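These notes are about the structure you will find just below.
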Amino acid sequence: MSELPKAYEPVSVEEKWYQRWIDHKCFHADETSDRPAYSMVIPPPNVTGILHLGHVLNNTIQDILARRARQKGHEVLWLPGTDHAGIATQAKVERHLRQTEEVTRRDLGRDEFLKRIWDWKDEHGGIIIKQLKRLGCSCDWERERFTMDPEYSKWVSQVFVDLFKEGHIYRGKRMVNWCPSSLTALSDEEVISKPQNSKLYFMKYELADSPGEFLEISTTRPETLMGDTAVAVNPKDERFSKYVGRTVKRPFPEGEIPVIADDHVDIEFGTGALKITPAHDKADFEIGQRHHLPLIEVITADGKIDCPEVEALHGLDRFAARKKAAEILEEKGLLLKIEDYENNVGYSERADVVVEPRISMQWFLKYPSVEEATAAVENSEITFRPQKWSKTYSHWMENLQDWCISRQLWWGHQIPVWYRQSKAQDLQAAESLDAQDLERGDIYVGVTPPEDESEWVRDDDVMDTWFSSWLWPFATMANVGEESETLKKFYPTSDLVTGPDIIFFWVARMIMAGYRFKGELPFKNVFFTSIIRDGKGRKMSKSLGNSPDPLDLMEKYGADGLRFGLMRIAPIGSDVKFDETQIEEGRNFANKLYNACRFRQMQEEPPNHKIFTAVEISALPPYHIDILSKLDELDVKLEKSYKDYRFNEVVAHLYDFFWGDYCDHFLEAVKGDLKEGASPQRRRDTLHTIDIVLKRYLAQLHPLMPHITEELSEKMGYLPEGAFLMTREFRKDSILGNAEAFRAEHAEAVYAAASNLRNLKAEYQLAANKNVRFVIRPVAGWVMNELPTLALLVGAKEVVVDSSYEAEQGTPASLTSLGEVLMPLDGLIDIEAESKRLGKEIEKIEKELAKSEQKLSNPHFVDRAKPEIVAVEKERLAQWQEKLSQLQNMKNALQV
RNA sequence: GCAGGAGUAGCUCAGUGGUAGAGCAUCUCGUUUACACCGAGGCGGUCGGGGGUUCAAGUCCCUCCUCCUGCACCA
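Right under this line is the structure:
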């Protein structure tokens, strides 16, 4: 045992233990072990990402689960890794290159650019991993994976090939969400709609066959006018029926376009007539298909107007063109009015720019195993916690759209499709392409390139990042075509811990992939964490700068403090507002624990590891039995809370037991046993009890606060030389055998009485005065033994029984569970004050009594309530009555 | 528009039909064999509003209000 400094210093301790755990391979999962398996895969953070509070919450929960599982004797695999995060990473590196070397990716070329990204990844890719380690995450780092590892990439290609061959993947020209900043297609899930203040333009088109007659149209996008190939009205709209089938004049470039009727048009909206731009609007595209309208593209990939016929607009940015187009209409006298209008506009998730609906050639996936995956959650083969998310899941699964899986990026898994050189141009422009095209031998689809590669041209596109992430649970455990021992032992995984914001992106798709490629569910439980918000309820985001840096928090409060504080406030099922004082509480708790252990160490006696015998227990003072029984209860409570994944409850149990039951009550009550002159037997028993409690408690707390518990277990000598707390199996044996039998009512009574007397002292401004004496009229003989402890707890000189004591009139008195207690004030007595005080107390009791009486006088209550409830109420009433009469006697005695 | 949450002390949150809770903040007192990152005590609640079911409602039902989150619409 060594000396401990006065305040706990977490940072160095945490670093030390993490290194030791690593050095001793404590996190390693042994796939040949006989122990039951427990496994999780980490939601892979972006490889160039930086740890934020969401990661902290998420990974703390996983670490708690992993460490708890180890303690319960499982062989634990927590498999870590990172995600290549296609768009995010490529955008980051492109920006970097622009700023430092003033070059674009096209300047460098595909190969060189990719080399630069790999360099960047090597340099920055480790940051978030280091940060997770700082947090104490017990991942098996020897198994760390990256979604672009060669073996992992093979999986991605293999899955593409399989799905293509069975007809689930096809290529086609479709209207997709296009990001003009990243210059790639996006999936529907990557588009976020935001309300926006825009304008609604009202304009008129002249009827071609009737000069001077106009059709009024409203639009938010006049800049797409050049792409209009029709005007549509609702067939039921009588105002416009006379126009259907005729043509109107498009103002620029001048042309005639038909007026058509389509149900999609909302009669109520605007003028009721809708301009149709099939090339730049999803709904218009569909209308265009129905009516066989031509497609005219007038916007380029990077969001500029492409329409040489209209010189004033050609080359302008789409938003500048909007204003300009309105001006031109105005000049032509075709603009009627402009109204303010709030509508929802789709933004790209990553680049945060307005998405442009655009026709382009893309690869799509028809999801496999949809029915099975939907059913799995509905019939609880997979449990979602909180349950409410299963509705979100079902709703999405029932409205599945084909997944656009191709991205016009360079960073990612390239589509494993090759076109025969001689026909490449035609094939790449072909309207559609699917499994049937394979048979003709014009395309090649495979995990490895075709033999005579020079005769083939590979598809340029890469795949959506999530097309690799959805394989994560199994692709990390075995290579393609292998049945590795790891996979056999640890797949399917036990739990998945992730944020509800990626139910569609990731969770749902993993379930489908698990079914399709491994024939079973990838996990049994999904725990969705809360979303952490700032004090104003806003999402944490980089742009708002409202996200505290977890590294700073760990520096200030320790990783353990951060973990504990965060888990304490993270509710299940709703968002949590972040509050740094809660993290401070975590640190304070660590300090409390540390000092309680320091107190034990100051006794300078080695720990006692024996367990009390039944005989020894029966001889222990009530405080000892009380704390030992509560220690047993703690096991039971924790077990239940863990079972329900109620981590905030776990923390509350651990906190209350230690701070309240152990420190405030037990430790204060037994300090007398450690004083000089106390009986040696009593001292030994007390230290022994302390050791039993601390040793077990440190193990109980370990999943939440791994570092400090490991540190203290070692320092206190609770572990064999060289052993680790984290790898030690935790035996749940009861200390007392049967806690119920040992319920220590006497201890509870003493604690309650102490509270009464402290209260009395405080009322008379004597809280700090240790010379106060109390005279007690005990209710039972056993009370005599506990008087010194009572005095200690109250901070009084003594509590004595003095049958000859004659209280002066007006002596303050309290009715405690141990008996009536007087507090002689030697001359400073104020009868009126004491009478008033007692009067107040009586008033309170009367209120409670009245409530109780009312309840019991209600015949319905007595008849219908459960008997035990009635019995409790009766007992309560009796207690109030007794207490009231005693207090009244005391008050009466004051009046001479 | 549809769906799902949330609303409890000044703040952050527990509360699983049966006496409304914790921590922080605030106020008073206090260095005692650990801890001032501490101890003791106090103040502080019409449990969002209204209605209903029940012997009994913060808890169950209906309704309204406010906020959040998805999804849809979004000319």
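Reminder that position 813 of the first sequence reads as 813 in our numbering, one-by-one numbering, no gaps.
From the three backbone atoms N, C-alpha and C, an ideal C-beta is built for every residue, glycine too.
Since the structure is predicted, the reported quantities are computational estimates derived from the model, not experimental observations.
Report the three-state DSSP secondary structure of residue i (helix, strand or coil).
| i | result |
| --- | --- |
| A678 | coil |
| K391 | helix |
| R350 | coil |
| A230 | strand |
| D402 | coil |
| E378 | helix |
| K366 | coil |
| I338 | strand |
| D904 | Here the chain covers residues 1 to 896 and nothing more, so residue 904 does not appear. |
| W782 | coil |
| I217 | strand |
| A739 | Note that A739 scores a pLDDT of 48, beneath 50, so its modelled location is shaky; the value from the coordinates is reported in the next line. Here A739 sits in helix by DSSP. |
| M1 | Only weak support exists for where M1 lies, its pLDDT of 41 falling under 50; the value from the coordinates is given anyway. Of the three classes helix, strand and coil, the one that applies to M1 here is coil, per DSSP. |
| E206 | strand |
| I299 | strand |
| Y419 | strand |
| T950 | Given a span of 1 to 896 for the chain in the structure shown, any question on residue 950 remains unanswerable. |
| F599 | helix |
| N892 | helix |
| N525 | strand |
Suppose you measure from the CA of residue i to the CA of residue j; what does that come to, to the nearest Å?
| i | j | result |
| --- | --- | --- |
| I583 | R563 | 8 Å |
| E112 | L553 | 39 Å |
| Y764 | R837 | 10 Å |
| V783 | V750 | 9 Å |
| D626 | F658 | 13 Å |
| F160 | G514 | 15 Å |
| D188 | G227 | 24 Å |
| T271 | E286 | 21 Å |
| L631 | Y655 | 12 Å |
| H665 | A762 | 19 Å |
| A739 | M463 | Low per-residue confidence applies at A739: pLDDT is 48, beneath 50, and the placement is therefore not dependable enough to give any value. |
| A753 | Q71 | 39 Å |
| L884 | I831 | 20 Å |
| R683 | L815 | 32 Å |
| G212 | E206 | 7 Å |
| V191 | I692 | 57 Å |
| Q854 | K840 | 21 Å |
| M510 | L471 | 6 Å |
| S803 | L792 | 22 Å |
| K366 | W403 | 7 Å |
| L295 | I217 | 20 Å |
So residue i and residue j are supposed to be a Cβ contact under 8 Å. How far apart are they, rounded?
| i | j | result |
| --- | --- | --- |
| K282 | M361 | Not confirmed; about 17 Å, so no contact. |
| D560 | P10 | 6 Å |
| I22 | P703 | Not a contact, Cβ separation roughly 18 Å. |
| G125 | V41 | Not quite, the Cβ-Cβ distance comes to about 18 Å (not below 8 Å), so this is no contact. |
| L135 | T82 | Incorrect: roughly 15 Å between the Cβ atoms, too far for contact. |
| S852 | L877 | 4 Å |
| A230 | I260 | 5 Å |
Quick one: what's residue i bridged to in DSSP?
| i | result |
| --- | --- |
| S432 | G172 |
| F27 | Bridge partners of F27: none, in fact. |
| N197 | E342 |
| K883 | DSSP output for K883 lists no bridge partner at all. |
| K304 | D317 |
| G819 | P778, T816 |
| V457 | Y419 |
| P357 | N177 |
| A273 | V233 |
| V800 | V775 |
| N756 | The partner list for N756 (beta bridge, DSSP) is empty, contrary to what the question assumes. |
Less than 8 Å separating the Cβ of residue i from some heavy atom of the ligand PLP?
| i | result |
| --- | --- |
| M226 | Ligands displayed in this structure: none; no statement on the ligand PLP is therefore possible. |
message = For a minimum of 4 consecutive residues, which ranges assigned as the alpha helix (DSSP H) are wholly contained in the segment 626 to 673?
response = 647 to 655, all fully within the segment 626 to 673.
ask   = Which residue spans inside the segment 232 to 262 form an unbroken beta strand (DSSP E) run of at least 3?
value = Segments of the beta strand (DSSP E) lying fully in the segment 232 to 262: 247 to 250, 255 to 261.
task = At 4 residues or longer, and completely inside the segment 20 to 91: list those alpha helix (DSSP H) runs for me, N to C.
result = Listed in chain order, they are 53 to 71.
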